[in-house]
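Participant: Under the working numbering, the first residue of the sequence shown carries the number -14, and numbering increases by one thereafter.
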Amino acid sequence: MSLHLSHKPLLRKPAISKMGVAALLSQVVFTAHVAMAETNVAAKVALPVQSYILQPAELPPPAISELKVPQGFSVSKVAESLGNARVLAISPQGNLYVTRREQGDVLMLPKTGDTYGKPVRVASRSGMHGIAFRGDTVYMVTVKEVFTAPVLADGRFGPLKMIITDLPDAGQHHDRTIAIGPDDMLYISVGSTCNECIETNIENATMLRSTLDGKKRVIFASGLRNTIGFDWNPQTGELWGMDHGIDWLGDDVTPEEVNKIEQGKRYGWPYIFGNNVENPRLVPSGKLEKSEWKKTSVPMVLGYAGHAAPMQMAFYNAGQFPAEYRNDAFVAMHGSWNRQTPSGYEIVRIHFENGKAVSIAPFLTGFVSNKGQSGRPFGLVTDKQGNLLFSDDLNGVIYKVSYKGDGKAAANPPSAIPPDSMKQQAAQGSGVQIATLRSETEIAGKQAAKLTVSSPAFANGEKIPDSHSSYDQDASFELSWSKGPSAMQSYAIIMEDPDAKPITPVVHWVAWNIGKEITTLREGLQKQDRLEDKAERMDGLMQGQATTGKIGYVGPKPPAGDPPHHYHVQVFALDTVLQIPPGANRDTLLKAMAGHVVAKGELVGTFQRPEKPAKP
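1. Measure the beta-carbon distance from Met113 to Val83 and round it to whole angstroms, keeping in mind my assumption that it falls under 8 Å.
2. How about Arg161 and Val136: are their beta carbons less than 7 Å apart?
3. Looking at C-alpha atoms only, which residue of Phe375, Arg251, Gly222, Thr100 is the closest neighbour of Asn189?
4. Please identify the residue among Val316, Val343, Gly329 whose C-alpha is closest to the C-alpha of Gly357.
5. Count the other C-beta atoms from every protein chain shown that fall within 10 angstroms of the C-beta of Ile49, then say buried if there are 16 or more, exposed otherwise.
6. From Ile503 to Gly235, what distance separates their C-alpha atoms?
7. Exposed or buried, Gln413, counting other C-beta atoms within 10 Å across all chains shown (16 or more means buried)?
8. Output yes or no for whether 7 Å exceeds the beta carbon distance between Met285 and Gly259.
9. Under three-state DSSP, which class holds Thr421?
10. Use the C-beta contact count for Gln409: other C-beta atoms within 10 angstroms, 16 or more gives buried, fewer gives exposed.
11. Quick check: the Cα distance between Ala411 and Ile488, rounded to an integer number of angstroms?
12. How is Glu188 classed by DSSP in three states: helix, strand or coil?
13. How would you write the range of the beta strand (DSSP E) that Leu171 sits in, first residue to last?
14. Around the Cβ of Leu464, are there at least 16 other Cβ atoms within 10 angstroms (buried) or fewer (exposed)?
15. So Ser59 is in the beta strand (DSSP E); what residue range does that whole segment cover?
16. Taking all protein chains shown into account, do 16 or more other C-beta atoms lie within 10 angstroms of the C-beta of Ser440, making it buried, or fewer, making it exposed?
17. Give the straight-line distance between the Cα atoms of Gly230 and Glu309, rounded to the nearest whole angstrom.
18. Express the C-alpha separation of Leu209 and Asp468 in angstroms, rounding to a whole number.
19. Does the count of Cβ pairs from the stretch 523 to 533 and the stretch 548 to 556 closer than 8 Å reach three?
20. Am I right that Ala346 and Arg334 are in contact with their C-beta atoms under 8 Å? What's the rounded C-beta distance?
21. Does DSSP put Arg119 in a helix, in a strand, or in coil?
22. Whole angstroms are fine: how far does the CA of Ser354 sit from the CA of Arg324?
23. Within the same chain, show all residues whose beta-carbon is closer than 7 Å to that of Pro595, passing over the 5 residues directly before and after it, in chain order.
24. With a Cβ-Cβ cutoff of 7 Å, do Pro269 and Trp278 count as a contact?
25. Beta-carbon within less than 8 Å of Asp99's beta-carbon, same chain only, minus the 5 sequence neighbours each way: which residues are those?
26. Mapping the DSSP letters down to three states, classify Leu526 as helix, strand or coil.
27. Where does Tyr101 sit, in a helix, a strand or coil, going by DSSP?
28. Return the CA-CA distance between Gly534 and Thr281, expressed in angstroms with no decimal places.
29. Look up Gly590 in the DSSP assignment and give the residues it is bridged to.
30. Among Ala434, Tyr124, Arg85, which one has its Cα closest to the Cα of Arg106?
31. Exposed or buried, which one is Met147 when buried takes at least 16 other CB atoms within 10 Å?
32. How many Å lie between Val131 and Val123 at the Cα?
33. How far does the alpha helix (DSSP H) with Trp278 in it extend, from its first residue to its last?
34. Comparing C-alpha positions only, which one of Leu52, Gln528, Trp322, Glu43 sits nearest to Phe348?
35. Determine the direct distance from the alpha carbon of Val243 to that of Phe15, and round the result to whole angstroms.
36. According to DSSP, is Ile488 part of a helix, a strand, or is it coil?
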């Protein structure tokens, strides 16, 4: 069954004049053409979807009395007339920093007693957006680059050093954000290039994890359309974020998603959203069924009003607010445009119990009315005094929320976020033997059968050509093996580097359900979950995650100065066809293979970083 969809916008007269702006109402009707091969009959299924464009009139900042917060809290202004005030950060010294995307710079507001002084520009780069501190070093991210700089005694920055140069090209979502995890690793949110599409760069719509020097990075989690706001739970050390839902599917579809983000997990986009609901518009590559993709998708923990546009997120880990706010998270909601009745334009609170998000509700409101919008919250951070600061990038105001009520404050100072969860996730699958030596690949009770594995690209024990490395073309090499025993039903491949550190071994290729009649794979295979090539009898060949988080073959990339690494290309003949979800990693594959291996063999190649690599 194949699904093809099209849409045609039908424009009508303005629908909501009371918002103080000409609102464009666009009704979009999606028509699905479902071709049913078994009946040879083409059927059409109409899926009507009504969407709206509504841009409330832009107004000056509201009077403080118009901003509503719970009893005992108060709101005041920290700074104004700052222009496009976006991401906020507090340095260890207590100074306040704000990035301005449209101006391409970073402003410092020096800490002066209980308030903040006049803004001073401390960095300037086109597209500057995310910012984070670790000790006396600041990290900043633009669309494609990550910079570091020393923080000087007066809070200004020293010379900028570029440590990452090749983040994916941007599209619709170019607002990169950055943070330092409790594991002392760099986390970078990279949004999708589109509303809904199949990305050509696998690092789009992901959360990346990098060493602090920028030299090694992996895809930590994928299927995240645009998770601008993320932070770590102070109790558990687990990473949480809030993802933007897909537009043009209706006012309430799709919801904004609260997710617990874990290594190697997929969060659905672009095929699945919310509580694992199928997107009616797209079909996965390789003719993979959406029902199969759904098995790999982690459903949201909580949902919020569609199109509210979550931005910066911060857990409350201070002592000023009442105790029931401790370890809850706050998120700045920028406000909708693809909705008849506006949503967002507020600060929301995500309430946590025992480390799990259980509810989400407005905390501060008052930026939108029948007259229009008087602010669009974006940045959000807690300062050294436990105040909640947030920015408005429409009018360039930074606000402060303080608690002075009679409720019992949390009192305790900020707690250190435990690093164990993040470190344990990073260590999964490390410190083990290569697959051929694992118990899961033993041929118990049977005479061991051996496969002869070879490649025209290199002989056993010899160098793998540069073109097959990640320093060059990153193309898989042609691979052949001898036919397995008569009992076999499929083949699987696992390629590993046991010389790598600190993760040992590093996985470079995982593939399974290779047809029993296949004994050769051509070079340069497509990097996707399922391969569809009936002419080469590869129909249904599945590929999983390498250690980098990428799907399909990932070429050797040992660091400079290392002696040659050894790459074990291991082929297994199985007496079954495996039923495991797309995107599985090596350990999931090995678990499914246990007791089904009837023959195995390997080809070992070596590789050392070239003196002048084609790519860094």
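In this text, a Cβ means the ideal position worked out from N, Cα and C, and glycines have one as well. Small disclaimer: the values here were computed from a predicted structure and weren't measured.
Facilitator: Reading it off the structure:
1. Not really, about 11 Å apart at Cβ, beyond 8 Å.
2. no
3. Arg251
4. Gly329
5. Its Cβ having fewer than 16 others within 10 Å, Ile49 is exposed.
6. 46 Å
7. exposed
8. yes
9. Thr421: helix per DSSP, three-state reduction.
10. exposed
11. Rounded to whole angstroms, the separation of the alpha carbons of Ile488 and Ala411 is 8 Å.
12. Reduced to three states, the DSSP call for Glu188 is coil.
13. Counting along the chain, the unbroken beta strand (DSSP E) around Leu171 starts and ends at 171 to 175.
14. Leu464 is buried by the Cβ-count criterion.
15. 58 to 64
16. buried
17. Straight-line Cα distance between these residues: approximately 29 Å.
18. The sequence shown places Lys at residue 468, rather than the Asp named in the question. Those two C-alpha atoms are separated by around 41 Å.
19. no
20. 6 Å
21. strand
22. 15 Å
23. Asp451, Tyr456
24. yes
25. Gln370
26. strand
27. strand
28. The straight-line gap from Cα to Cα measures roughly 14 Å.
29. Tyr552
30. Arg85
31. exposed
32. 10 Å
33. 275 to 281
34. Leu52
35. Reliability fails at Phe15, whose pLDDT of 42 lies under 50, so the model's placement of it is uncertain and the value that follows must be treated cautiously. Rounded to the nearest angstrom, the two C-alpha atoms are 28 Å apart.
36. For Ile488, the three-state secondary structure derived from DSSP is coil.
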